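J.: Have a look at this one.
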Amino acid sequence: MNSVVVFSLLMLAFLGAIMLLLPHFSPRRFLFAITVPPGFRESGPGLAALRRYHWEVAAAILVTAAAAMALAQWLPEAAFVVAAMAPIVGGLAAFLRERSQVRRQAPRVADVREAELSAKGDHLPRWFLLAIPPFAAPGAFALYLRAHWDEIPSRIPMHYGFNGPDRWADKSPQAVYAPLLFSTGLMLLLLLLLMLAAFYGSRRTPQRGAILKLVLGALYLFALPFGGAGFNPLFQIPPAWHFIPPLVLVSAAIAWALRIASDPSNPGEATPDDCWYLGVIYYNPHDPAVFVQKRMGFGFTFNFGNRWAWIVLVGFAVGMVALVLVFPRGH
Amino acid sequence: MRRPVKIRIDLDSPVPAYRQIVDALRVPLVEGALAPGASLPSVRRLAMDLGVHFNTVGEAYRELAAEGWLDLKHGRGATVVARGSQPAAAPERWQELRGQLRNLVAQMRSAGVPPSRIAAELRAISESLKP
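Protein chains in written order, with this note's numbering: chain G, 48 to 378; chain A, 18 to 148.
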């Protein structure tokens with residue numbers, strides 16, 4: 048079995064598992080991103096919708112696995128794309144079908160909002176100081192690289208394909224330090240986005256603490272495995288070492304977030320069903336929140352009906368493009 | 018430790034959101050759960066937490082300020098103020114409130130609540146709202 052098939056099947060297993068779990072990855076008041084009354088999930092129509100969804104996604108996974116294995120011999124890159132896209136497209140189609148079923152069958156739930164009359168500021172918990180050490184990691188890596196500058200080869204891998212590095216750059220400070228600058232920039236952007244989301248544009252939600260912990264984990268992910276890519280010039284780290292730790296960390300984060308999101312004591316944020324498009328895009332010009340809690344998955348999403356959301360989004364996109372431009376193009 | 022005061026509104030209700038906010042805030046103000054000197058969330062924060070327009074909360078705060086419950090200072094949010102003894106309601110206002118109460122009692126009777134229970138409930142609520 049060649050490496051393309053292994054990567055493709057791993058990707059398929061990972062994304063397929065996420066798509067299978069998707070309806071469970073949500074507060075109990077929602078089913079397929081529609082507000083349902085308590086007990087609807089366990090009722091006949093609720094269970095039937097879940098059963099149909101699981102069968103459809105499982106069928107999509109099996110068909111994709113067969114297609115990816117067949118394609119891998121002649122069109123390896125196409126096999127990888129099919130393995131990555133087909134479970135998402137198939138799962139999304141099944142999700143939307145069941146969403147419209149649930150919308151028809153579930154009794155309407157009153158749109159009740161609750162707010163605490165507290166004027167206290169939203170302070171960060173003390174443990175969030177743990178966000179500082181990840182910023183030291185790229186600096187430490189950079190110092191190490193500088194101390195061993197003479198050992199760095201004259202050509203540095205800049206991009207990896209299925210069979211190892213496929214683009215190289217000549218040794219220069221930009222080429223050597225680019226991965227470290229990239230991971231630091233990514234961490235700063237993430238922290239900025241979190242601050243905006245947590246303090247200036249979202250409701251006070253019981254999930255906020257959990258979201259902060261998840262972002263903390265993401266900072267360590269960007270600092271260590273991503274920042275570790277900065278060592279490539281010295282140690283020629285196998286690509287799998289860049290791929291596997293993030294996959295393990297992301298899987299662990301997803302499992303943990305799944306537990307929090309589906310916790311029956313988590314009420315989930317109240318937003319109108321009619322303002323959610325495809326179950327994931329929120330557009331409500333009457334809601335002053337820039338960020339709202341996701342109905343599927345965990346964390347915040349933008350309120351695209353709020354112009355500040357667009358301003359933040361464009362700022363973030365510009366920051367990402369600037370970070371990508373840090374890398375030399377290579378040849 | 019005192020539990021934080023919360024308010025609830027129903028956006029599907031035919032009662033306007035600003036009116037629900039005024040009514041929901043007046044209860045803890047009359048009960049004394051929100052004592053003089055207590056700060057309320059800023060208009061921006063409460064609007065965001067309830068998912069309603071800033072003007073909706075602003076209008077509710079202004080109405081409560083006009084009733085003498087709140088002091089609104091630009092940039093400092095709303096503070097509960099000590100309210101001196103209030104003169105008895107004007108005859109028109111009294112008739113309006115009486116009409117509302119009459120409608121509510123009629124709804125309760127229509128829902129099968131016996132008059133004795135309604136009277137007891139009114140007395141209990143009236144006692145509990147003594148500041």
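Every residue gets a Cβ at the ideal spot worked out from N, C-alpha and C, and that includes glycine.
Just so it is clear, the structure is predicted and the values come from calculations on it, not from any experiment.
For a test of your reading of the model: does the CB of R119 (chain A) fall under 7 angstroms from any non-hydrogen atom of the ligand NAD? Yes or no.
T.: Although the ligand NAD was asked about, the structure shown includes no ligands whatsoever.
J.: CA-CA distance, H333 (chain G) and V223 (chain G)?
T.: About 48 angstroms.
J.: Determine the extent of the alpha helix (DSSP H) in which L109 (chain G) is found, giving its start and end residues.
T.: Element bounds for L109 (chain G): 91-119.
J.: Which word fits F282 (chain G), buried or exposed, when buried means at least 16 other C-beta atoms lie within 10 angstroms of its C-beta?
T.: Under this definition F282 (chain G) is an exposed residue.
J.: First and last residue of the alpha helix (DSSP H) that includes T73 (chain A)?
T.: Per DSSP, T73 (chain A) belongs to the alpha helix (DSSP H) from 71-83.
J.: How would you label N279 (chain G), buried or exposed, when you count the other beta carbons within 10 angstroms and need 16 or more for buried?
T.: Classification of N279 (chain G): buried, given that the 10 Å Cβ count is 16 or more.
J.: Mapping DSSP to helix, strand and coil, what is K167 (chain G)?
T.: Of the three classes helix, strand and coil, the one that applies to K167 (chain G) here is coil, per DSSP.
J.: Using DSSP with H/G/I as helix, E/B as strand and the rest coil, what is D88 (chain A)?
T.: In this structure, D88 (chain A) counts as strand in the three-state DSSP scheme.
J.: State buried or exposed for F142 (chain G), treating a residue as buried only when at least 16 other CB atoms are found within 10 Å of its CB.
T.: Answer is buried; the Cβ neighbour count reaches 16.
J.: Using the three-state DSSP reduction, which class does E138 (chain A) fall into: helix, strand or coil?
T.: Residue state, collapsed to three classes: helix.
J.: Going along the chain, which residues of its own chain have a beta-carbon closer than 7 angstroms to the beta-carbon of Q152 (chain G), five neighbours each way excluded?
T.: Closer than 7 angstroms at Cβ, skipping near neighbours: P92.
J.: Pick out whichever of G:R354, G:V104, G:A265 has its Cα sitting closest to the Cα of P181 (chain G).
T.: The shortest Cα separation from P181 (chain G) among G:R354, G:V104, G:A265 belongs to G:A265.
J.: Kindly list, in the order they appear in chain G, the residues whose Cβ is closer than 7 angstroms to that of R134 (chain A).
T.: Within chain G, no residue comes near R134 (chain A); the closest Cβ sits about 26 angstroms away, beyond 7 angstroms.
J.: Which chain G residues sit within Cβ distance under 9 angstroms of R25 (chain A)?
T.: Residues of chain G passing the Cβ test: V159, R160, E161, A162.
J.: So is I328 (chain G) buried or exposed if we call it buried at 16+ other beta carbons inside 10 Å?
T.: Exposed, since its Cβ has fewer than 16 Cβ neighbours within 10 Å.
J.: With distances taken Cα to Cα, identify the nearest neighbour of L146 (chain A) among A:A50, A:V22, A:R62, A:T73.
T.: Looking at the Cα atoms, A:A50 is the closest of the given residues.
J.: A308 (chain G): which of G:F345, G:V371, G:A60, G:I135 sits nearest, CA to CA?
T.: That would be G:F345, whose Cα lies nearest to the Cα of A308 (chain G).
J.: Specify the secondary structure class of I291 (chain G) as computed by DSSP and reduced to three states.
T.: If DSSP states are grouped into helix, strand and coil, I291 (chain G) belongs with the helices.
J.: Just to confirm, is the Cβ distance from L57 (chain A) to G116 (chain A) under 8 angstroms?
T.: Not closer than 8 angstroms, so no.
J.: Would you identify the three-state DSSP class for V97 (chain A), choosing helix, strand or coil?
T.: Correct three-state label for V97 (chain A): strand.
J.: Between the alpha carbons of A133 (chain G) and S298 (chain G), how many angstroms are there, rounded?
T.: Between A133 (chain G) and S298 (chain G), the C-alpha separation is close to 20 angstroms.
J.: Below 9 angstroms between beta carbons is the criterion; list the residues of the segment 334-364 of chain G that meet it against any residue of chain A, in chain order.
T.: Against chain A - using a Cβ distance shorter than 9 angstroms - the residues of the segment 334-364 of chain G are D334, P335, A336, V337, V339.
J.: Considering just the uninterrupted stretch of the alpha helix (DSSP H) at K260 (chain G), what are its terminal residues?
T.: Counting along the chain, the alpha helix (DSSP H) containing K260 (chain G) begins and ends at 255-268.
J.: Terminal residues of the continuous beta strand (DSSP E) containing Q37 (chain A)?
T.: Element bounds for Q37 (chain A): not the beta strand (DSSP E) but the alpha helix (DSSP H), 34-48.
J.: Looking at the strands, I want to know which residues DSSP matches up with D310 (chain G).
T.: In the DSSP output, where bridge partners are listed per residue, D310 (chain G) has none listed.
J.: Suppose you measure from the CA of V52 (chain G) to the CA of P154 (chain G); what does that come to, to the nearest Å?
T.: When rounded, the distance between both Cα atoms is 46 angstroms.
J.: Below 8 angstroms between beta carbons: does that hold for I199 (chain G) and L192 (chain G)?
T.: Taking 8 angstroms as the Cβ cut-off, I199 (chain G) and L192 (chain G) qualify as a contacting pair.
J.: By the 7 angstroms beta-carbon criterion, what residues does the segment 81-100 of chain A contribute toward chain G?
T.: Against chain G - using a Cβ distance shorter than 7 angstroms - the residues of the segment 81-100 of chain A are G94.
J.: Provide the residue span of the alpha helix (DSSP H) that contains I26 (chain A), from first to last.
T.: I26 (chain A) -> not in any alpha helix (DSSP H); beta strand (DSSP E) instead, spanning 23-27.
J.: Go to Q221 (chain G), then tell me how far its alpha helix (DSSP H) extends in each direction, as first and last residue.
T.: Unbroken alpha helix (DSSP H) run through Q221 (chain G): 220-242.
J.: Looking at the C-beta of M65 (chain A), does it have a partner C-beta in chain G at a distance below 8 angstroms?
T.: M65 (chain A) counts as touching chain G.
J.: By DSSP, does F347 (chain G) sit in helix, in strand, or in coil?
T.: Looking at F347 (chain G) - three-state DSSP - the assignment turns out to be strand.
J.: Of all the CB atoms in chain G, is at least one closer than 8 angstroms to the CB of G75 (chain A)?
T.: So no, G75 (chain A) is outside the interface.
J.: Between G:F77, G:W355, G:A270, G:E316, which has its C-alpha nearest L177 (chain G)'s C-alpha?
T.: Nearest C-alpha to L177 (chain G): G:A270.
J.: Are the CB atoms of R306 (chain G) and M65 (chain A) nearer to each other than 8 angstroms?
T.: Contact flag unset, no.
J.: Would you tell me roughly how many angstroms separate the C-alpha atoms of I108 (chain G) and V44 (chain A), rounded to the nearest one?
T.: For I108 (chain G) and V44 (chain A), the distance between alpha carbons rounds to 56 angstroms.
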